[in-house]
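In the numbering used here, the protein residues as written are 11 to 440.
Below you can see the structure in the form of structure tokens.
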């Protein structure tokens, strides 16, 4: 049991910079080499965390632009096993490798970047995109076998966060870095979320504020034809198809809408269990709060009426004393309905949790259950940004059942990532 410390990093943008290219080679890139700052506010916290990464097998919590990660030296088996132990993560679930620059990536790959990825890297790195690469032999940085879970490929990412890149540079090693939550729990988007899940299991969490994206990186495989998306995330299908060589990219992930976690028959489950996931988030139930989650698929007509939603809330209240309701796009506000206005004790409030903002109403229905009604807003970035935080907040306030309104993911945007996470969190889909 450790004493978990949160170490603030007040100005992440001052922690380092990319060195200007000195070569005139056509392969030279402004992302070739990242230099850590010699002095900056919060740099001592990163030095402490990097020392833990180099000299212990206990991972550290760190922020990225997507979610908080749990980082360990990707070249040391003991350190990587520490990640699986701390999270309670299945050993056949591969880990993403984070690098600080293209020079480090070349030293991990022991070869040049495959041509298919060059235009993708030029457009989206640093950022929320993970690419699959062949596991090399005789590289300067030899990945621990636990990172790849026995696969012939590994996922690599160059994060947009200067804090993350400087931590990697100071540790002088690529970081294996899954989300810094207990396995199956919602991903953490603040330092406090990390502590809520892993207090006593790790020693250090770097606090760089709330994550800006709110869902994990998009994972793509360009080593097959056509290239495929293995996990939806911060880069959309439409964005990928705008890049030369990626016009035919297809989805290769499955969730509830396509026979995924919550609605599999036994044959499908057995078949999937026999396959190793090629990327994180492809196989196991994930992103789940303690409460039972009932997801209503988005984009359905007719729109659920106030009376129908109220009936479902009351039905959930027969088995639960506290019911959470998460609205995103079309659901009416129950707190203002005449059906319960006289009996409701409502205290509307705006939740500001480390940069995550949404509206919350708390009231009691005549039939008995306490209701926590939460509105994530109508625009997609707000929904993605607040998704994991809202599930954690409803858990913390005692919700036993959460009814959540899905969104239409028929378009080519982050909606696919949001619904993928919700389907994996859900116990029931309607």
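Ideal placement from N, C-alpha and C gives every residue a C-beta, glycine not left out.
Given the structure is predicted, the values throughout are model-derived calculations rather than measurements.
Residue i, enclosing beta strand (DSSP E) - first and last residue
i: residue 305; result: 302-306
i: residue 419; result: From DSSP, residue 419 is part of no beta strand (DSSP E); its letter is neither H nor E.
i: residue 18; result: 15-18
i: residue 45; result: 44-46
Residue i vs residue j beta-carbon contact at 8 Å
i: residue 214; j: residue 205; result: no
i: residue 42; j: residue 113; result: yes
i: residue 410; j: residue 302; result: yes
i: residue 394; j: residue 427; result: yes
i: residue 46; j: residue 26; result: yes
i: residue 50; j: residue 180; result: no
i: residue 142; j: residue 231; result: yes
i: residue 176; j: residue 80; result: no
i: residue 63; j: residue 183; result: yes
i: residue 382; j: residue 407; result: yes
i: residue 263; j: residue 431; result: no
i: residue 12; j: residue 210; result: yes
i: residue 133; j: residue 223; result: no
i: residue 6; j: residue 221; result: Because the chain in this structure spans residues 11 to 440, residue 6 falls outside the shown range and cannot be described.
i: residue 186; j: residue 157; result: yes
i: residue 76; j: residue 152; result: no
i: residue 87; j: residue 155; result: yes
i: residue 170; j: residue 78; result: no
Host alpha helix (DSSP H) of residue i (start-end)
i: residue 247; result: 247-251
i: residue 325; result: 316-326
i: residue 37; result: Looking at the DSSP string, residue 37 is not in any alpha helix (DSSP H), and its letter there is neither H nor E.
i: residue 428; result: 425-435
i: residue 163; result: Where residue 163 is concerned, there is no enclosing alpha helix (DSSP H), although the beta strand (DSSP E) it sits in stretches over 163-167.
i: residue 155; result: 155-158
i: residue 195; result: Unbroken run through residue 195: none, as it is neither H nor E.
i: residue 27; result: Where residue 27 is concerned, there is no enclosing alpha helix (DSSP H), although the beta strand (DSSP E) it sits in stretches over 26-28.
i: residue 172; result: 172-181
i: residue 57; result: 53-65
Own chain residues within Cβ distance below 6 Å of residue i, not counting five before or after
i: residue 193; result: 97, 98 and 99
i: residue 243; result: 138, 225, 226, 227, 228 and 427
i: residue 18; result: 217
i: residue 123; result: none
i: residue 415; result: 306, 337, 338 and 341
i: residue 398; result: 196, 197 and 199
i: residue 313; result: 340
Proximal residues to residue i (C-beta, below 7 Å), its chain only, five neighbours per side dropped
i: residue 327; result: 333, 375, 377, 378 and 379
i: residue 420; result: 309
i: residue 276; result: Confidence at residue 276 is low in this model, with a pLDDT of 38, below 50, so the placement of that residue should be treated as unreliable; the coordinate-derived value is given next. Here the set comprises nothing.
i: residue 159; result: 101, 102, 103, 104 and 286
i: residue 135; result: 41 and 168
i: residue 418; result: 308, 309 and 425
i: residue 331; result: 379, 380 and 410
i: residue 255; result: 126 and 129
i: residue 24; result: 47, 50 and 51
i: residue 387; result: 368 and 393
i: residue 172; result: 22, 23, 25 and 26
i: residue 249; result: none
i: residue 109; result: 115, 118, 166, 168, 178 and 184
i: residue 212; result: 12, 14, 68, 69, 70, 71 and 96
i: residue 257; result: 251
Cβ-based neighbour list, residue i, same chain, cut-off 8 Å, excluding 5 preceding and 5 following
i: residue 412; result: 299, 301, 302, 303, 304, 333, 334, 335, 336, 401 and 404
i: residue 315; result: 342
i: residue 31; result: 38, 39, 40 and 42
i: residue 260; result: 236, 237, 238 and 239
i: residue 356; result: In this predicted model, residue 356 has a pLDDT of only 42, less than 50, meaning its place in the structure is not dependable enough to derive any value.
i: residue 28; result: 40, 41, 42, 43, 44, 45 and 111
i: residue 163; result: 142, 143, 144, 145, 231, 233 and 288
i: residue 323; result: 333, 335, 344, 375, 379, 381 and 413
i: residue 149; result: 117, 118, 119 and 120
Bridge partner(s) assigned by DSSP for residue i
i: residue 330; result: Note: residue 330 sits in no beta bridge, so no partner.
i: residue 186; result: 82 and 107
i: residue 71; result: 80 and 215
i: residue 335; result: 383 and 413
i: residue 313; result: Beta-bridge pairing links residue 313 to no other residue.
i: residue 438; result: 304
i: residue 257; result: Partner(s): none; residue 257 has no beta bridge.
Cutoff 8 Å: residue i Cβ touching any chain B Cβ
i: residue 413; result: Structure shown: chain B not included; a single protein chain is present.
Could you pull out every unbroken alpha helix (DSSP H) segment of at least 4 residues lying fully inside the segment 199-246, listed in chain order?
-> Runs of alpha helix (DSSP H) with 4 or more residues, each lying fully within the segment 199-246, are found at 201-208, listed in chain order.
Of all the alpha helix (DSSP H) runs that stay within the bounds of the segment 376-417, which reach a length of 4 or more residues?
-> Those alpha helix (DSSP H) runs which fall completely within the segment 376-417 and span 4+ residues are 390-406.
In chain order, each beta strand (DSSP E) run of at least 3 residues that lies wholly inside the segment 73-147 | Taking only runs of at least 3 residues, the beta strand (DSSP E) segments lying wholly in the segment 73-147 are 78-83, 106-108 and 139-144.
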